[in-house]
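Notes follow the structure.
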Amino acid sequence: MTKTVLVVDDQPGIRMLLREVIKTLEYNVGEAKTGQEAIDFVKEQHPDLMLLDYKLPIKDGLEVLNELQSEDYQVPAVLMSGLAEDDLQGAHTHSLVKSVVGKPFDVQKIREIILNILR
Numbered sequence: 005m006t007k008t009v010l011v012v013d014d015q016p017g018i019r020m021l022l023r024e025v026i027k028t029l030e031y032n033v034g035e036a037k038t039g040q041e042a043i044d045f046v047k048e049q050h051p052d053l054m055l056l057d058y059k060l061p062i063k064d065g066l067e068v069l070n071e072l073q074s075e076d077y078q079v080p081a082v083l084m085s086g087l088a089e090d091d092l093q094g095a096h097t098h099s100l101v102k103s104v105v106g107k108p109f110d111v112q113k114i115r116e117i118i119l120n121i122l123r
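Here the sequence shown is numbered in this note's numbering, starting from 5 and rising by one per residue.
Take a look at the structure:
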């Protein structure tokens, strides 16, 4: 069965870029532009991986992770952020976070991270 990667970012350009990268890896792609949309998608579709922006409207990436974990949804996440690493308030130590990627990110690095997690 083909795996699904959920891209969560409020910037349409980032979602489009990541959608194209994921399609070249032959995975299905889901998209959400807010934290609440991400939570709803995870509960309905159970994606295999989530590429999650840290700074989102309504609920930020950490709130999304905490809510999913509290309801026992174990979706590995790659946290994306334009903030300096130390501004992530310990988010990289969250049990669902498998990697933290700074923006702007290297497309090749994102590809490798996705492949490594979904292998």
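Ideal placement from N, C-alpha and C gives every residue a C-beta, glycine not left out.
From Ser74 to Thr97, what does the alpha carbon distance come to, in whole angstroms?
-> 16 Å
contact_flag[the segment 21–30, the segment 58–66] where n(CB pairs < 8 Å) is 3 or more = no
Between Arg19 and the ligand FAD, is the CB less than 6 Å from at least one heavy atom?
-> Among the ligands in the structure shown, none appear at all, so the ligand FAD cannot be discussed.
How should Leu1 be labelled, buried or exposed, when 16 other C-beta atoms within 10 angstroms of its C-beta is the threshold for buried?
-> Not covered by the structure: residue 1. The range shown for the chain is 5 to 123.
Nearest-angstrom Cα distance between Gln78 and Asp44?
-> 14 Å
Please go through the segment 55–105 and give each complete beta strand (DSSP E) segment of 3 or more residues, from N-terminal end onward.
-> 81–85
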